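Peer 1:
Numbering (full-length UniProt numbering), first residue to last: 1 to 425.
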């Protein structure tokens with residue numbers, strides 16, 4: 001006879017077992033048990049029973065009775081702030097991969113004076129009050145409205161050792177849950193096996209070293225899409241709703257290329273050490289972390305975030321900053337578009353190579369020939385193919401009939417242009 005579980009004595013163990021394990025469809029007649037914490041699937045009832053006892057379950061309860069506790073599910077989903085088991089309109093039961101954070105609002109009123117070390121951390125990072133206000137708002141929105149992602153990506157540029165690792169590996173995981181935050185590089189994010197996105201609310205993209213515009217373009221699909229495909233190893237591809245908030249970090253002053261009117265990024269000023277890297281390390285590791293971990297600091301910060309007015313900013317439109325204006329000035333295509341009209345006013349023919357040689361120090365080195373060609377057409381040039389070289393007739397050249405001369409004469413003019421080329425800026 002199967003034991004009847006004592007609901008009073010085993011309530012904690014029962015809840016923990018049901019939260020961690022579910023039963024999924026089996027292909028061989030044995031129970032298929034999915035461990036949501038370890039991200040594994042097995043058929044070992046003994047393993048399940050081991051955790052039952054570890055969670056304080058009654059040893060008189062038989063293993064098969066513990067197995068009977070588990071929910072049967074047909075698939076997986078990810079919906080923050082929703083129940084563990086979700087049944088859709090068609091009756092399909094899915095397990096929700098979102099894990100509720102341990103730290104929850106206590107109901108206590110906590111003001112800035114109650115979290116002085118947290119405020120000091122913010123002031124060290126962001127001396128400009130308006131930028132500090134938005135940064136705290138962004139964190140508060142992500143923590144309190146986890147099911148409403150922000151399209152805005154934070155672009156944090158900084159010196160080495162200012163504490164970005166602390167933000168992504170200590171502070172945010174404590175507020176959102178250990179499994180809700182991931183740190184990865186752009187290659188892993190865009191790679192075929194991107195299972196690190198499963199169950200994530202914040203993803204910090206750590207350092208961008210090359211292909212600045214390509215990085216921004218690739219990120220667009222994640223920033224704007226309602227769902228994203230995830231390809232776990234050895235498991236079928238699944239589509240999950242997109243609740244991911246992105247942070248990009250870099251030690252480069254110009255890590256990406258931003259276009260004018262790009263609303264998807266918020267860029268504070270370059271983060272520097274208040275005194276030195278040693279001083280920053282001492283503050284974080286000797287003052288801030290001990291307070292957070294040993295003096296209910298995490299709980300106080302979580303309660304402080306409850307006081308932030310979430311209506312203070314538009315979730316779809318981050319405030320403009322001086323740093324973002326400056327960064328937009330580094331858009332290679334826009335820089336060329338501003339410079340070329342004056343440069344071309346006394347020239348009849350030009351090539352992409354001549355443009356790159358002349359302005360190579362003023363635009364990103366990764367600007368493509370296609371981008372340069374697009375700008376030349378925008379400023380009124382007309383393309384002509386000459387052997388293997390594409391020649392562009394400038395507005396002056398068009399006015400003087402240079403687009404109608406024979407290839408031999410055109411080749412001579414290109415050679416003359418190369419000989420007369422000015423040195424790089």
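C-beta: ideal position from N, C-alpha, C; glycine also. Note that this is a predicted model, so its numbers are computed, not measured.
1. Out of 225, 240, 224, state which residue places its alpha-carbon closest to the alpha-carbon of residue 231.
2. To which residues of the same chain is residue 158 closer than 6 Å at the C-beta, ignoring the five residues directly before and after it?
3. Should residue 407 go down as buried or exposed, given a rule of 16 or more other Cβ atoms within 10 Å for buried?
4. Following the continuous beta strand (DSSP E) through residue 382, name the residue where it begins and the one where it ends.
5. Is DSSP giving residue 246 helix, strand or coil here?
6. Just verifying my parser: in three-state terms, what is the DSSP assignment at residue 37?
7. Considering just the uninterrupted stretch of the beta strand (DSSP E) at residue 75, what are its terminal residues?
8. Can you list, in chain order, the residues of its chain whose CB lies under 6 Å from that of residue 397, leaving out five sequence neighbours each side?
9. Can you give the Cα-Cα distance for residue 8 and residue 180, rounded to whole angstroms?
10. Note down the Cα distance separating residue 288 from residue 306, rounded to an integer number of angstroms.
11. Compute the beta-carbon to beta-carbon distance between residue 52 and residue 66, rounded to the nearest angstrom, for a pair I have assumed lies under 8 Å.
12. In angstroms with no decimal places, state the Cα-to-Cα distance between residue 267 and residue 106.
13. Looking only at C-alpha atoms, which of 261, 324, 154 sits nearest to residue 249?
14. Measure the C-alpha to C-alpha separation of residue 302 and residue 378 and round it to an integer number of angstroms.
15. Taking the alpha-carbon positions, what's the residue 413 to residue 380 distance?
16. Could you check where the beta strand (DSSP E) with residue 204 kicks off and where it finishes?
17. Comparing C-alpha positions only, which one of 42, 402, 229 sits nearest to residue 27?
18. Should residue 141 be labelled buried (16 or more other beta-carbon atoms within 10 Å of its own) or exposed?
19. Candidates 252, 151, 262: which alpha carbon is nearest residue 160's?
20. Would DSSP call residue 281 helix, strand or coil?
21. Whose C-beta lies closer than 8 Å to the C-beta of residue 151 among residues of the same chain, with five residues either side of it excluded?
22. Buried or exposed for residue 429, please, with buried defined as at least 16 other CB atoms from any protein chain shown within 10 angstroms of its CB.
23. When DSSP labels each residue in this structure, what does residue 83 get in the three-state scheme?
24. So, at 8 Å on beta carbons, what are the nonlocal neighbours of residue 238 in its own chain, with the 5 sequence-adjacent residues on each side left out?
25. Note down the Cα distance separating residue 136 from residue 98, rounded to an integer number of angstroms.
26. Whose C-alpha, out of 371, 351, 357, is nearest the C-alpha of residue 332?
27. What is the rounded straight-line gap between the Cα of residue 37 and the Cα of residue 23?
28. Quick one, which of 328, 417, 326, 355 has its alpha-carbon nearest residue 340's?
29. Out of 163, 101, 109, which one is the CA nearest neighbour of residue 144?
30. Report the rounded CA-to-CA distance for residue 21 versus residue 319, giving the unit in angstroms.
31. Does DSSP classify residue 157 as helix, strand or coil?
32. Assign residue 124 to one of two classes, buried (16 or more other C-beta atoms within 10 Å of its C-beta) or exposed (fewer than that).
33. Since residue 182 sits in a beta bridge, which residues does DSSP pair it with?
34. Name the two residues that bound the continuous beta strand (DSSP E) containing residue 23.
35. Work out the CA separation of residue 196 and residue 246 for me, nearest whole Å.
36. Give the DSSP-derived three-state secondary structure of residue 359 in the structure shown.
Peer 2: To lay it out plainly:
1. Position 231 of the chain shown, counted from the first residue, corresponds to residue 231. Closest by alpha carbon: 240.
2. Counting from 1 along the chain shown, the entry for residue 158 is found at position 158. Excluding positions up to five away in sequence, the list reads 271.
3. Within the chain shown, the letter at position 407 stands for residue 407. When all chains shown are included, residue 407 counts as exposed.
4. On the chain shown, residue 382 is found 382 positions in, with the first residue counted as 1. In the DSSP annotation of this structure, the continuous segment of the beta strand (DSSP E) that includes residue 382 starts and ends at 382-386.
5. Counting from 1 along the chain shown, the entry for residue 246 is found at position 246. Strand at residue 246.
6. Along the chain shown, read from residue 1 onward, the residue named residue 37 stands at position 37. Coil, per DSSP.
7. Sequence index remark: in the chain shown, residue 75 carries index 75 (1-based). For residue 75, the uninterrupted beta strand (DSSP E) run begins and ends at 75-77, by DSSP.
8. Taking the chain shown and counting its residues from 1, one reaches residue 397 at position 397. Within the same chain, residue 397 has close Cβ partners 348, 349.
9. Position 8 of the chain shown, counted from the start, is the residue given in the question as residue 8. Position 180 of the chain shown, counted from the start, is the residue given in the question as residue 180. With a pLDDT of 43 at residue 8, under the threshold of 50, the modelled position of this residue cannot be trusted, and the question is left open.
10. Position 288 of the chain shown, counted from the first residue, corresponds to residue 288. Position 306 of the chain shown, counted from the first residue, corresponds to residue 306. Straight-line spacing of the CA atoms in residue 288 and residue 306 works out to 20 Å.
11. What you label residue 52 is simply residue 52 of the chain shown in a count that begins at 1. What you label residue 66 is simply residue 66 of the chain shown in a count that begins at 1. Contact flag correct, Cβ pair sits at about 5 Å.
12. What you label residue 267 is simply residue 267 of the chain shown in a count that begins at 1. What you label residue 106 is simply residue 106 of the chain shown in a count that begins at 1. Spanning the two alpha carbons is a distance of roughly 32 Å.
13. As a first step, residue 249 must be located in the chain shown, where it is residue number 249. Of the candidates 261, 324, 154, the one whose C-alpha sits nearest the C-alpha of residue 249 is 154.
14. Walking along the chain shown from the start, residue 302 turns up at place 302. Walking along the chain shown from the start, residue 378 turns up at place 378. Residue 302 and residue 378 have their alpha carbons spaced roughly 51 Å apart.
15. Working through the chain shown from its first residue, we reach residue 413 at position 413. Working through the chain shown from its first residue, we reach residue 380 at position 380. Near 19 Å, if we compare the C-alpha coordinates of residue 380 and residue 413.
16. On the chain shown, residue 204 is found 204 positions in, with the first residue counted as 1. From DSSP, the beta strand (DSSP E) with residue 204 extends over 202-206.
17. One-based indexing of the chain shown puts residue 27 at position 27. The shortest Cα separation from residue 27 among 42, 402, 229 belongs to 42.
18. Here residue 141 refers to the residue found at position 141 when the chain shown is read from its first residue. Buried, because 16 or more other Cβ atoms sit within 10 Å of the Cβ of residue 141.
19. Locating residue 160 in the chain shown gives position 160, where the first residue counts as 1. For the residues 252, 151, 262, the minimum Cα distance to residue 160 belongs to 252.
20. Numbered from its first residue, the chain shown carries residue 281 at position 281. Residue state, collapsed to three classes: helix.
21. Locating residue 151 in the chain shown gives position 151, where the first residue counts as 1. Cβ within range, chain order: 223, 224, 263, 264, 315, 316.
22. This structure leaves residue 429 out entirely; the chain is present only between 1 and 425.
23. For the purposes of this step, residue 83 is identified with residue 83 of the chain shown, where counting begins at 1. Under the three-state reduction of DSSP output, residue 83 falls in the coil class, being neither helix nor strand.
24. Locating residue 238 in the chain shown gives position 238, counting from the first residue. Same-chain partners within the cutoff: 75, 76, 229, 230, 232.
25. Here residue 136 is taken as the residue at index 136 of the chain shown, counted from 1. Here residue 98 is taken as the residue at index 98 of the chain shown, counted from 1. Their Cα atoms are separated by approximately 23 Å.
26. One-based indexing of the chain shown puts residue 332 at position 332. Comparing Cα positions, the closest option is 371.
27. As a position in the chain shown, residue 37 is number 37, starting the count at 1. As a position in the chain shown, residue 23 is number 23, starting the count at 1. Computed Cα separation, rounded: 14 Å.
28. As a first step, residue 340 is located in the chain shown; it is residue number 340 there, counting from the start. Checking every option, the nearest Cα to that of residue 340 belongs to 355.
29. Start at 1 with the first residue of the chain shown, and residue 144 comes out as number 144. It is 101 whose Cα lies nearest to the Cα of residue 144.
30. Residue mapping note: residue 21 aligns to position 21 of the chain shown, counting from 1. Residue mapping note: residue 319 aligns to position 319 of the chain shown, counting from 1. CA-to-CA, the gap between residue 21 and residue 319 works out to about 43 Å.
31. Taking the chain shown and counting its residues from 1, the one referred to as residue 157 is at position 157. DSSP places residue 157 in strand when its eight states are reduced to three.
32. In the chain shown, the residue the question calls residue 124 occupies position 124. Under this definition residue 124 is a buried residue.
33. One-based indexing of the chain shown puts residue 182 at position 182. The beta-bridge partner set that DSSP reports for residue 182 consists of 203.
34. Counting from 1 along the chain shown, the entry for residue 23 is found at position 23. Taken as a continuous stretch (DSSP letters only), the beta strand (DSSP E) holding residue 23 covers 21-24.
35. The residue labelled residue 246 in the question sits at position 246 within the chain shown. The residue labelled residue 196 in the question sits at position 196 within the chain shown. Approximately 13 Å, taken between the alpha carbons.
36. In the chain shown, residue 359 corresponds to position 359, counting from 1. Note: residue 359 maps to helix in three-state DSSP.
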